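Residues are numbered in this note's numbering as their position in the sequence shown, beginning at 1, plus a constant of 95.
All residues carry an ideal CB built from backbone N, CA and C; glycine is no exception.
Computed from a predicted model, the values in this text were never measured in an experiment.
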Amino acid sequence: MIKTKLMEMLGIKYPIIQAGMGPYSTTKLAAAVANAGGLGIISGVGMGVCKLLGGQKFMDYDPKKSPAQNMREAIHYVKEATQKSRGIFGINVPVAVEFREISDELIQTAIEEREKDPELVRRMKVIITSAGNPERHAEMIKESGVLRFHVCPSPYHAKKAEKAGADLVIASGHEGGGHVAHEPVHSMVLIPEVVKTVSVPVVAAGGFCDGAGLVAALALGAVGIQMGTRFIATKESDFLDYYKDYTRNLGDVRNTIVARGVFGRIRYLKTDATVELYEMEKRGCPDAEVADFEMKAIQAIHFGDPKKAAFFGGEVAGRFSDLPTVKELMERIVKEAEEIIRDKLPKVVA
Ligand SMILES: Cc1cc2nc3c(=O)[nH]c(=O)nc-3n(C[C@H](O)[C@H](O)[C@H](O)COP(=O)(O)O)c2cc1C
């Protein structure tokens, strides 16, 4: 049986974190992952976009609801949906400067809800921050007693997160979906270097989807994996069916593209729209024009035409085509990893 520090810290059955995947909702997915024995994560960033856009509609979010109200509802949904399994979950909030006010509101709300409810103190164990300065909310999170993980794209950022009091860092390689760093460092180089740089536990992210990946992460010194793209294509995930299908039918690990992001760069699945986004930047189109095109393409996932849509997604989408339940996926990954460690690896030692 695989047993790691991550499982011990959180009291979870599998060393697997489901990544926060704003701007999309992962509330149902978080409940399914928590019920199946991993760490389920509610995604925060989409909850605040209507407010950022001055009250315009964004995705499925109701512009009349505040970020705080969206966060409260998501937390209570996951709490109820995981009551029987007593599953463990958390929230993710990117803390980029562009989202400063929103991230303050979301983190503050989550902490307040947790403090009011002993059941949440027991089971909503983690706040994962990402994409920004780890110092900003450090004191508030520490005082609340909730564990704080921070997502980092380099050993430099991991050290900063550790200094700011992170209990664990998630090292996310450039092959991952969604926001990626300007300087591309991929998981194989990033993870062992982050492990060497910090003394807190490290979780590996970026490109993971199977048991071999989990074994590799453990071999590189990590205490578990965080997966985003792989979890999109699961039966219970909140993503639209055609987003799930586009992800699992990508067919080739070359079919992603890195282009402009709301903050930093984003790895998208290749579509006509994301290739055009990339080309617009190369042609030197004004930033406001590119930003407008990007926002429309992100929202276009609701119109059902994959060519016009910008789907966030990682290279690993080219490595799978099935649509398992969350439970099937996590059981398979851990079983495969155990078989590799127990049966295959000993045979390569003379
Ligand atoms: C659709 C999508 C949305 C994402 N949004 C966020 C986010 O809101 N916050 C965050 O910390 N990371 C976000 N990420 C990055 C993930 O947290 C994670 O680091 C990455 O998915 C790992 O690589 P993988 O996609 O190869 O599994 C997103 C990833 C995807 C695929």
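At a threshold of 7 Å, Met116 counts as near ligand 1, since its beta carbon sits closer than that to one of the ligand's heavy atoms. Rounded to whole angstroms, the Cβ separation of Ala412 and Ile393 is 17 Å, and the two are not in contact under 8 Å.
With a contact defined as Cβ atoms closer than 8 Å, Gly408 and Leu364 qualify at about 4 Å. When secondary structure is reduced to three states using DSSP, Phe194 falls in the helix class. For Gly135, the pairing in a beta bridge is given by DSSP as Phe184. Look at Thr224 here: in three-state DSSP terms it is strand. In this structure, Gly227 lies near Val190, with their beta-carbon atoms less than 8 Å apart.
Under the DSSP assignment, Cys247 falls in the beta strand (DSSP E) whose first and last residues are 242-247. For the pair Thr177 and Ala114, the CB atoms are not nearer than the 8 Å cut-off. Fully enclosed alpha helix (DSSP H) runs of no fewer than 4 residues occupy 336-343, 367-377 of the stretch 331-383, in order along the chain. Judged by pairs of C-beta atoms under 8 Å, the stretch 281-296 does not touch the stretch 362-381, as fewer than three such pairs exist. Assignment of Tyr172 by DSSP, reduced to helix, strand and coil, places it in the helix class.
No Cβ-Cβ contact shorter than 8 Å links Gly319 with Leu147.
A direct Cα-Cα distance of roughly 17 Å separates Gln151 from Ser120. Sequence-distant partners of Val385 (beyond 5 residues in either direction) whose C-beta falls short of 8 Å from its own C-beta, in its chain, are Arg355, Leu372, Met375, Glu376. Among the bridge pairs identified by DSSP, His274 is matched with Ile361. In this chain, the beta strand (DSSP E) harbouring Ile265 covers 263-267. Annotated as distal: Val264 and His277, with beta-carbon spacing of 8 Å or more. Assignment of Ala405 by DSSP, reduced to helix, strand and coil, places it in the coil class.
With a cut-off of 7 Å, the C-beta of Pro419 is classified as distant from ligand 1, since no heavy atom of the ligand falls inside that distance.
When the beta-carbon positions are compared, Ile206 and Val188 stay at least 8 Å from each other.
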